[in-house]
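Peer 1:
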């Protein structure tokens, strides 16, 4: 390392991109060599280990990020362990004069980041964090009473009253790298990819992780699919969804890039922008309620009388063997591709919670392991929404009848034929009408609790 240089260390997290990366921009503006680091932290208190599908995506996205940083002239250092130990140690190792990152909003993550910031500043290192993954910072959107919003529409209306989201930052043309690269783990040694067995064939067929593929998909969506989005977004076989959720989850695109590209297109994008708003709502809720994945947001639901778990029912749901065609199709699409159409997500979640009477947390855990776009906010937030225990919750008595949903949104059966063509011949594991009645009876306990 050049003895005269005091490099800038950029800590990448869920922001695996070069464009519109405020932390990277701050490092380049500082004018010193840039060292990038990604820390695989699965040991810090409260940090949730990644699910299998997420680990697959992370491997490929990191591989591309490393290549792109090398092309620009810098280096990506991979380290594994508790970030509160790894980041300060690497900063000292390279003699960093500054450390930059883009903010995280989960409770355990904020605790880790605050401790690192305090330690580095005590060492005399410049430290700064930036808004890179949300359009609006969670502490800037409050009700008139100063409390967090609990209902989406007024939340989104309040957001739209704030100044427009900032313009995206360009990616750096070049980066000044260190004179010698710090030691780095080998990505393959992290064993993020499945091997025994290798279940990722469908993921490889469906997805191209990385910033380059993310930008291409955004252009493709706005150029070809956005015109049909509002009309056909609820039809799982229509191909009208954006498929941008894993790109946003891993920060291969920022919401600022998506927002400005959509607003600048010639297509009607109001419905699509409101989905970005729903993502914001989920993250704002997690910021204020860090236990979102484990605790009912509405405490009255703590009284819900979940019956003893029937493992055979849970396994049938996980495997797409319930005998309910739309549910089975969705669960098989999930297993094969790491993704499920949003309308079908609501249907399969409602079936688990309100027909099988299985705690929403079991479903949230399964999605966490199998979705490429599962993140700490949207995954539990949406499960709680369906269960009726969360923010802006669907009333518990709103139960998605999967047969009616199929008739309405998959009328020609294309989606079911693609993913579960034989399901209609299978005996359903529960009677929809009887199980709905049992769920509503159980809900009376919640109403009595208050």
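In full-length UniProt numbering, the protein residues as written are 1 to 450. Just so it is clear, CB atoms sit at the ideal spot from N, CA and C, and this is done for glycine as well.
According to DSSP, residue 10 sits in a beta bridge with which residue or residues?
Peer 2: Partner(s): 36 and 100.
Peer 1: From the DSSP output, read off the bridge partner residues of residue 128.
Peer 2: Bridge partners of residue 128: 100.
Peer 1: Per the contact definition of three or more C-beta pairs closer than 8 Å, is the segment 337-349 in contact with the segment 249-265?
Peer 2: No: fewer than three Cβ pairs fall under 8 Å.
Peer 1: Take the Cβ of residue 186 as the centre, count every other Cβ of all protein chains shown within 10 Å, and call the residue buried at 16 or more, exposed below.
Peer 2: Burial call: exposed.
Peer 1: Assign residue 269 to one of three DSSP states: helix, strand, or coil.
Peer 2: Looking at residue 269 - three-state DSSP - the assignment turns out to be coil, as it is neither helix nor strand.
Peer 1: By the 10 Å Cβ neighbour count, where 16 or more other Cβ atoms means buried, how is residue 348 classified, buried or exposed?
Peer 2: The residue is buried, with at least 16 neighbouring Cβ atoms inside 10 Å.
Peer 1: In terms of residues, what are the limits of the alpha helix (DSSP H) holding residue 371?
Peer 2: Note, residue 371: premise wrong, no alpha helix (DSSP H); not H, not E.
Peer 1: Please state if the CB of residue 78 and the CB of residue 184 are separated by a distance shorter than 9 Å.
Peer 2: Their beta carbons are under 9 Å apart, which means residue 184 touches residue 78 by this criterion.
Peer 1: Examine the Cβ distances between the segment 201-213 and the segment 59-68 and report whether three or more of them are shorter than 8 Å.
Peer 2: Judged by Cβ distances under 8 Å, the segment 201-213 makes contact with the segment 59-68, as three or more pairs qualify.
Peer 1: Closer than 7 Å by C-beta to residue 174: which residues in its own chain qualify, once you throw out the five before and the five after it? Chain order, please.
Peer 2: Hits under 7 Å: 72 and 73.
Peer 1: If you count every other CB in all the chains shown that lies within 10 Å of the CB of residue 161, and 16 or more means buried, which is it?
Peer 2: Burial call: exposed.
Peer 1: Following the continuous beta strand (DSSP E) through residue 455, name the residue where it begins and the one where it ends.
Peer 2: It is not possible to answer for residue 455, since the shown part of the chain is limited to 1 through 450.
Peer 1: Do the CB positions of residue 5 and residue 146 come within less than 9 Å of each other?
Peer 2: No; because the gap between Cβ atoms is not below 9 Å, this pair is not in contact.
Peer 1: From residue 182 to residue 230, what does the alpha carbon distance come to, in whole angstroms?
Peer 2: Approximately 49 Å between the Cα atoms of the pair.
Peer 1: Rank 401, 136 and 155 by C-alpha distance to the C-alpha of residue 166 and give the top, closest one.
Peer 2: If we check each option's Cα against that of residue 166, 136 comes out closest.
Peer 1: Does DSSP put residue 295 in a helix, a strand or coil?
Peer 2: Three-state result, residue 295: coil.
Peer 1: Taking Cβ to Cβ, would you say residue 35 is nearer than 9 Å to residue 178?
Peer 2: Yes. Within cutoff.
Peer 1: Does the separation of the CB atoms of residue 402 and residue 432 fall below 9 Å?
Peer 2: Yes, Cβ-Cβ distance for residue 402 and residue 432 is below 9 Å.
Peer 1: Residue 256: which of 134, 200, 83 and 188 sits nearest, CA to CA?
Peer 2: Nearest option by C-alpha distance: 134.
Peer 1: With a threshold of 16 other CB atoms inside 10 Å of the CB of residue 235, please say whether the residue is buried or exposed.
Peer 2: So residue 235 counts as buried.
Peer 1: Along the chain, where does the alpha helix (DSSP H) that runs through residue 220 open and close?
Peer 2: Element bounds for residue 220: 211-220.
Peer 1: I need the DSSP call for residue 2, collapsed to helix, strand or coil.
Peer 2: Caution applies to residue 2, whose pLDDT of 46 falls short of 50 and renders its modelled position unreliable; the value that the coordinates give is listed next. If DSSP states are grouped into helix, strand and coil, residue 2 belongs with coil.
Peer 1: Under 7 Å Cβ to Cβ from residue 419, same chain only, skipping five residues before and after it: list those, please.
Peer 2: The residues are 329, 332 and 333.
Peer 1: Okay, do the segment 289-299 and the segment 113-125 touch, 3+ Cβ pairs below 8 Å being the bar?
Peer 2: No, the segment 289-299 does not touch the segment 113-125.
Peer 1: Check this for me: beta carbons of residue 281 and residue 242, under 9 Å apart or not?
Peer 2: No, Cβ-Cβ distance for residue 281 and residue 242 is not below 9 Å.
Peer 1: Where does residue 289 sit, in a helix, a strand or coil, going by DSSP?
Peer 2: Coil, per DSSP.
Peer 1: Along the alpha helix (DSSP H) that carries residue 379, what are the first and last residues, could you check?
Peer 2: Note, residue 379: alpha helix (DSSP H), 378-387.
Peer 1: In whole angstroms, what separates the C-alpha of residue 76 from that of residue 368?
Peer 2: About 27 Å.
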